Amino acid sequence: MWFSWMLLLASLAMPTASSRTREWAHHGAAMFADLTPTEMKAVRDYLHSCSELGLTLARDKSLKKNSILLMELHVPRKHEALRALDRGQAKPSRQARVVVQFGNQAVPNVTEYIVSPLPFPKSYQVKTFKGERPIRFESRPISSVEYEHLNKVLEKVGAKANKILQESTGFTYGNCSNRCLTFSDIAPRGLVPEERRTWIMLQKFVEGYFIHPVGFEVLVNHKNLDHEKWTVDKVWYNGQYFDSVEELVEKYEKGTINKLKLPEHDEEDLFSTYIPRGHMNTPTNIHGAKLVEPQGRRFQVDGNFVEYAGWSFAYRVRSSAGLQIFDLRFNGERIAYEIALQEAIAFYSGDTPAAMQTKYIDAGWAMGTSDYELSPGIDCPEVAHFVDLYHYYDTDKPLRYRNALCIFEMTTALPLRRHFNSNFQGGFNFYGGLENHVLVIRTTSTVYNYDYIWDFVFYQNGVMESRVSATGYIHATFFTENGLNYGTRVYNYVLGNLHTHLIHYKVDLDIAGRDNSFESIDLKYVNFTNPWSPEHSIVQSKLHRTQHETERSAAFRFGKKFPKYLHFYNPNQNNKWGHKKGYRIQYNSHANSVLPRGWREENGITWSRYPLAVTRHKDNEVTSSSIYTQNDPWEPVVSFEEFIRNNENIVNQDLVAWVTVGFLHIPHSEDIPNTATPGNAVGFFLRPFNFFDEDPSLASRSTVIVRPDEKGQPKIQRWTPEVVGHCVSDKPFFYNGTYAGV
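Taken in order, the sequence shown gives residues -18 to -1, 1 to 724; the numbers are from mature numbering (1 follows the signal peptide of the UniProt record, and there is no 0).
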């Protein structure tokens, strides 16, 4: 009798505990919500009221000014957030991280501040990096005002060299009508710390100008805050170097150099455009298949809190780096505290100075703010839930990015699981199958020429996938014969340069609690006497587990053997079968290192040495990169190598997995006009490994079971209605494409 009462009480308590867990997760999600426009304006106005800072407008044309460069949410420390998420306590006050450029002082610098409390700020304090490294002024990201001054330098170059440009390309820089040149700037901006020298490549200003280089590149020194003192230090024209524009002009006029003459520009040549051409044997002037929601939407979104098929999480889009999710739970049990994009790099090779200098480190371009509008039916299904995003970067008021994030459910057109059980007599015993529906949260980053599509995908069986798909224009330079060692000719004077993409993620796992351990699992052969036939031997594979006890032992180098299974588990929690509750990371990647260890720019991306590194969680190891690394990779303010240098114990600790994925891209003719997404997607899966007692997707009522009845006729058992409802959205295609202040 007593036992029955205990069971009854337990059954009554479970829904209460479950609802309380859900309530706390929902309550805490707002801690991770991006700053609102109202909060941004309040922070701006407060800091401008602090006379000691001497702030002026960011768009003021002077470079000798103190101004706000970036403003974004400052996420609370983990232990503070967990008090709200796990105990329902009050949320910590919201704070803003603000980057201020101090150019109007004797020794210019960049300083970061934490401003609080929001929405009515009244204090600020300096935010420092690990080791309290100062932020060099030269390492700051380039601003729109600086671009304006660079454009004026190029106009002066054009005034001297437009005759050469006109005769060589048919286009000019400045003083032009419909045949104008534009430019792409290259980074890092120098070869050593404290430089600010940028190679600039001229291109035809036509649709898809990224793949229209014209064989003219200049090196501009723009370190001085007086833009009138900027200089052109080098010129590269048709494979030849000159110390000044004047030297080029003089030698060109004397006929002592190899002159360039591009083919006459053909306005009808569509090679860099999206305009359809060619033939396809499927009619494409009518719509193809579309995604539908026959009985309406099945996921829930409340602010930045999302729920679907047992999953719940909060999300934000960090202006400096991009998409993040927090407090990831399945059926109320936390799997990860944070999964966040940290950095994306593309390191190039080439024969021109611009090509050999190109080492893009995209957080340095505020990658998160490049999340422009998504189009329904192409970027996301028409039925998706679209969200506007707001950023404050290189501006004097918040910018609204319309429909920049989308959330949708889709079918993968592949069963999650299925089985046909034959009776081997022309019939069957049963058939069972489950539709594979997933939830996707998506945003993009168009960092100049490249478009990255960022997805987090949530499956019904407790699997989460992180995926990035690369598309957009290749980074192309002027073709030279030697350039074929570094890429592929894709047009009669255009080289598509080889490059490697690497993407870095922070994966703060909390598997059934904060105290986790990490092991790798491989196989090794064993050879033993056959117990039922002693004159023979058995050779088979046996599990070989390696417990990683320190950070160094869990830092796997590229080029070394990489374990098959990467298993994170809670040593204090078992499932029904006595196994430690765990998850594993499974890679979809063919990345490799991009530079030798310790070679100049490699110091800024030391995370790229490791496909996986595991560290103990620390509040001062929030990110593995920064917005300053692009322009000072030689002595970066954030050095990931320091995260593992002290080689701390990682057994039964709060662990963070740092995951690097990527791929080599050797451009080819099919990359014209754009790189396509198939084959250019990489990422990783988080897969349950004895975390559950059985497949949690058994809770789905989308299962179909078919059995023969007494007469041998199929008897269908299903839990969903026959498909009824509207087919697809009746809204016409819409797209705005603008982003503006609010």
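Cβ coordinates follow ideal geometry from the N, Cα and C atoms, glycine included. The model shown is predicted, which means the values in this text are computed figures rather than measured ones.
A Cβ-Cβ distance of about 21 Å is found for the pair Thr180 and Ile193, leaving them out of contact under the 8 Å criterion. A direct Cα-to-Cα measurement between Asn203 and Met392 gives close to 51 Å. Met183 carries a strand assignment under DSSP once its states are collapsed to helix, strand and coil. Taking a contact to require three or more Cβ pairs closer than 8 Å, the stretch 636 to 644 and the stretch 134 to 151 do not qualify as touching.
In the structure shown, Trp212 falls within a coil segment according to DSSP collapsed to helix, strand and coil. In the structure shown, Tyr129 adopts helical secondary structure according to DSSP, grouped into three states. Rounded to whole angstroms, the separation of the alpha carbons of Ile493 and Gly156 is 59 Å.
Around the C-beta of Val108, fewer than 16 other C-beta atoms lie within 10 Å, and the residue is accordingly described as exposed. With respect to the 7 Å criterion, Leu356 and Cys388 are classified as neighbours on the basis of their beta carbons. Counting only the Cα atoms, Gly197 lies some 14 Å from Asn479.
Between the alpha carbons of Trp640 and Ser684 lies a gap of roughly 36 Å. For a cut-off of 8 Å, the C-beta gap from Asn443 to Ser679 is around 4 Å, short enough to register as a contact. DSSP places Trp6 in the helix class (H, G or I) of the three-state scheme. By the C-beta density criterion, His486 is buried, having at least 16 other C-beta atoms within 10 angstroms. Assignment of Ser98 by DSSP, reduced to helix, strand and coil, places it in the strand class.
A distance below 7 Å separates the beta carbons of Gly665 and Arg449. For Phe625, the enclosing alpha helix (DSSP H) covers residues 623 to 627. For the stretch 504 to 551, the full-length beta strand (DSSP E) segments reaching 3 residues or more read 519 to 529 along the chain.
In the DSSP annotation of this structure, the continuous segment of the alpha helix (DSSP H) that includes Met338 starts and ends at 335 to 339. DSSP places Met22 in the uninterrupted alpha helix (DSSP H) bounded by 19 to 31. Between the alpha carbons of Asp215 and Ser226 lies a gap of roughly 6 Å. DSSP lists Ser98 as the beta-bridge partner residues of Ser105.
Under the three-state reduction of DSSP, Arg449 is assigned to strand. CA-to-CA, the gap between Phe224 and Tyr234 works out to about 11 Å. Pro690 has Pro696 as its beta-bridge partners, per DSSP. Closest in C-alpha terms to Asn662, from the list Asn385, Met13, Thr482, comes Thr482.
In the structure shown, Asp636 falls within a coil segment according to DSSP collapsed to helix, strand and coil. In the pairwise beta carbon analysis, the stretch 237 to 246 is classified as touching the stretch 143 to 163: at least three pairs are separated by under 8 Å.
With a cutoff of 7 Å on beta-carbon distance, Leu477 and Phe461 are scored as near each other. Comparing alpha-carbon positions, the option among Thr453, Thr426, His419, His561 lying closest to Phe440 turns out to be His419.
Distance from the CA of Leu35 to the CA of Met338, rounded to the nearest whole angstrom, comes to 40 Å. By the neighbour-count criterion, in which 16 or more other beta carbons inside 10 Å mark a residue as buried, Thr334 falls on the buried side.
Per DSSP, the beta-bridge partners of Gly665 are Arg449, Asn570.
For His56, the enclosing beta strand (DSSP E) has its first and last residue at 48 to 56. Rounded to whole angstroms, the separation of the alpha carbons of Asp309 and Ala11 is 8 Å. Straight across, the Cα-Cα distance linking Val633 with Asp284 is about 37 Å.
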